[in-house]
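J.:
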Amino acid sequence: MVIVSDPSQRALTGLLKLLADGTRLRILGLLEREELSVGELSRCLGMAQSRVSNHLRQLRDAGLLAERHAGTSNYLRLSPGDGLAARLWVSLSEELAAVPEHGADLTRLDLILAERRDREDEFFDRVAGRWDTIAGDFATGQARQRALAHLLPRRLTVADLGCGTGYLADALRPLVQRVICVDRSEGMLSQARERLESRSEGASFEFRQGEFDSLPLADGEVDGVVASMVLHHLPDLARPLREMRRVLAPGGNVAIVELMPHREGWLRPALGDRHLGLEPADVLDGLRRAGFERVSLDPVDDRYRPVGPEGQTAELPLYLARGTAPAA
Ligand SMILES: C[S@@+](CC[C@H](N)C(=O)[O-])C[C@H]1O[C@@H](n2cnc3c(N)ncnc32)[C@H](O)[C@@H]1O
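So the number in this note's numbering is just where the residue sits in the sequence shown, counting from 1, plus 5.
1. Are the beta-carbon atoms of Ala174 and Leu156 separated by less than 8 angstroms?
2. Based on Cα-Cα distance, which residue from Asn79, Ala75 and Cys168 lies nearest to Leu46?
3. Label His60 either buried or exposed according to how many other C-beta atoms from any shown protein chain fall within 10 Å of its C-beta, with 16 as the threshold for buried.
4. What is the rounded straight-line gap between the Cα of Leu70 and the Cα of Gln147?
5. Got a sec? Which residues, its chain only, sit under 8 angstroms from Met6 by beta carbon, not counting five neighbours each side?
6. When burial is assigned at 16 or more other CB atoms within 10 Å of the CB, is Gly167 buried or exposed?
7. Since Thr138 is in the alpha helix (DSSP H), which residue starts that stretch and which ends it?
8. Residues in its own chain within less than 6 angstroms of Asp278 by CB, not counting five upstream and five downstream?
9. Measuring only the C-alpha atoms, how far is Val9 from Arg15?
10. Whole angstroms is fine: what's the gap from Arg159's alpha carbon to Ser209's?
11. Just to confirm before moving on: does the CB-CB distance between Leu194 and Asp188 stay below 8 angstroms?
12. Is Arg31 closer than 8 angstroms to Glu106 when the C-beta atoms are compared?
13. Taking just the CA atoms, how far does Asp307 sit from Glu298?
14. Is it true that the CB of Arg82 sits closer than 8 angstroms to the CB of Glu4?
15. For Glu248 versus Asp218, is the C-beta spacing smaller than 8 angstroms?
16. So is the beta-carbon of Leu334 under 7 angstroms away from any non-hydrogen atom of ligand 1?
17. Could you name the residues whose beta carbon sits closer than 6 angstroms to any heavy atom belonging to ligand 1, keeping them in chain order?
18. Can you give me the C-alpha to C-alpha distance between Leu21 and Leu118, rounded to a whole angstrom?
19. Taking all protein chains shown into account, do 16 or more other C-beta atoms lie within 10 angstroms of the C-beta of Phe129, making it buried, or fewer, making it exposed?
20. What's the C-alpha gap between Arg36 and Asp123?
21. Can the beta-carbon of Ala330 be found less than 8 angstroms from the beta-carbon of Arg244?
22. Assign Glu99 to buried or exposed, taking buried as 16 or more other Cβ atoms, counted over all protein chains shown, within 10 Å of its Cβ.
23. Would you kindly work out how many angstroms separate the C-alpha atoms of Ala25 and Ser58, rounded to a whole number?
24. What's the C-alpha gap between Asp4 and Val262?
25. Going by the CB atoms, is the gap between Thr170 and Arg183 shorter than 8 angstroms?
26. For the beta strand (DSSP E) containing Phe210, name the first residue and the last one.
27. From which residue to which residue does the alpha helix (DSSP H) around Thr112 run?
28. Tell me the start and end of each unbroken beta strand (DSSP E) in the segment 162-244 that is at least 3 residues and wholly inside, in chain order.
29. So, helix, strand or coil for His280, using DSSP?
30. When you compare only the Cα positions, how much space is there between Val300 and His74?
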């Protein structure tokens with residue numbers, strides 16, 4: 006009798022014994038191709054689950070399988086690591102054709118996988134109408150924005166005029182190459198700087214203190230201009246809109262977010278508003294007079310919801326006014 010005392014030799018003989026079994030080879034041959042539940046595996050093999058489970062336990066104990074739990078099912082796949090078992094399996098898997106049932110196992114596997122695909126398709130057909138509710142608010146998160154932004158060329162330089170604390174400039178971060186933040190308030194600019202310089206990815210940021218009537222930007226310096234919730238702070242529109250046109254390169258776009266006219270007088274002292282909103286027609290007219298083309302109005306669903314120092318609240322409609330500087 007040969008007594009095996011060397012641990013590595015014991016491991017080898019243990020493994021060889023385990024693999025010297027037609028059913029276990031068939032199981033490994035299937036799990037090499039596809040992750041399967043115990044039920045699916047039993048159907049592929051045409052065997053009772055109890056018998057299959059017994060073999061699976063031995064293969065799992067020998068570290069040849071990885072297991073994943075999903076709901077009430079356990080899914081298994083071949084995972085022999087990178088040691089002796091993996092090396093043995095490389096040679097054995099080339100010889101699987103010699104196992105008589107292997108071909109039929111693969112045919113049944115194809116059928117089972119086709120059924121699985123059909124079930125998945127049926128599942129999505131069934132839930133399509135309710136999917137957005139079931140999937141929750143995934144559609145509003147950062148992932149979709151970043152994924153889509155990744156597809157766009159980031160070549161633009163944009164000026165955020167009256168940038169305030171810079172949240173809009175922050176939203177431009179994944180979309181453009183450079184953002185020039187302009188505001189007359191040193192306090193606002195330093196808040197914007199703090200927000201925007203805390204992360205390094207995406208656009209580069211520049212901060213310039215200055216007035217709308219005489220923007221601290223060179224002629225044609227930027228490809229786009231955004232002015233959000235700013236124009237109602239200004240005494241007059243004509244000169245600021247001409248300034249916007251001056252700093253835009255030919256073909257560049259302007260986007261203005263403004264408040265519809267409203268009656269919430271407390272916004273004057275609370276938020277420093279000079280006008281209680283602006284008539285869209287006046288803004289569009291001002292853009293045309295300043296030389297913009299393709300001027301248009303885009304109503305938006307968002308509401309502005311300011312909160313006053315004495316707990317006053319309001320819900321005010323917004324709009325987007327757009328225009329394009331003439332091409333050269
Ligand atoms: C209501 S905040 C808007 C900030 C930001 N754009 C937003 O969408 O929330 C208005 C900003 O415009 C700036 N501002 C007001 N009048 C200005 C002027 N004449 N020139 C430059 N900036 C001005 C203020 O300092 C303030 O930061």
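Glycine residues also receive a C-beta, built at the ideal position from the N, C-alpha and C atoms.
T.: Walking through what the data contain:
1. no
2. Asn79
3. buried
4. 37 angstroms
5. Any reading at Met6 must be qualified, since the residue scores a pLDDT of 41, below 50, and its modelled position is unreliable; the value itself is stated next. Same-chain partners within the cutoff: there are none.
6. buried
7. Trp136 to Ile139
8. His237 and Leu272
9. Confidence is the limiting factor: at Val9 the pLDDT is only 45, short of 50, which leaves the residue's position unreliable, though a coordinate-based value still follows. In a straight line, the C-alpha of Val9 is about 6 angstroms away from that of Arg15.
10. 11 angstroms
11. yes
12. yes
13. 26 angstroms
14. Examination of residue 4 is not possible in this model, given that the chain is present from 6 through 333 alone.
15. yes
16. Outside the displayed range of the chain (6 to 333) lies residue 334, so it cannot be described from this structure.
17. Gly167, Cys168, Gly169, Leu173, Asp188, Arg189, Ser190, Met193, Glu216, Phe217, Ser233, Met234, Val235, His238 and Leu239
18. 31 angstroms
19. exposed
20. Note on identity: in this sequence residue 36 is Leu, with Arg being the wrong assignment. The straight-line gap from Cα to Cα measures roughly 21 angstroms.
21. no
22. exposed
23. 18 angstroms
24. The requested residue 4 is not part of the displayed model; the chain covers only 6 to 333.
25. no
26. Ser209 to Gln214
27. His107 to Val132
28. 162-166, 183-188, 209-214 and 227-233
29. coil
30. 57 angstroms
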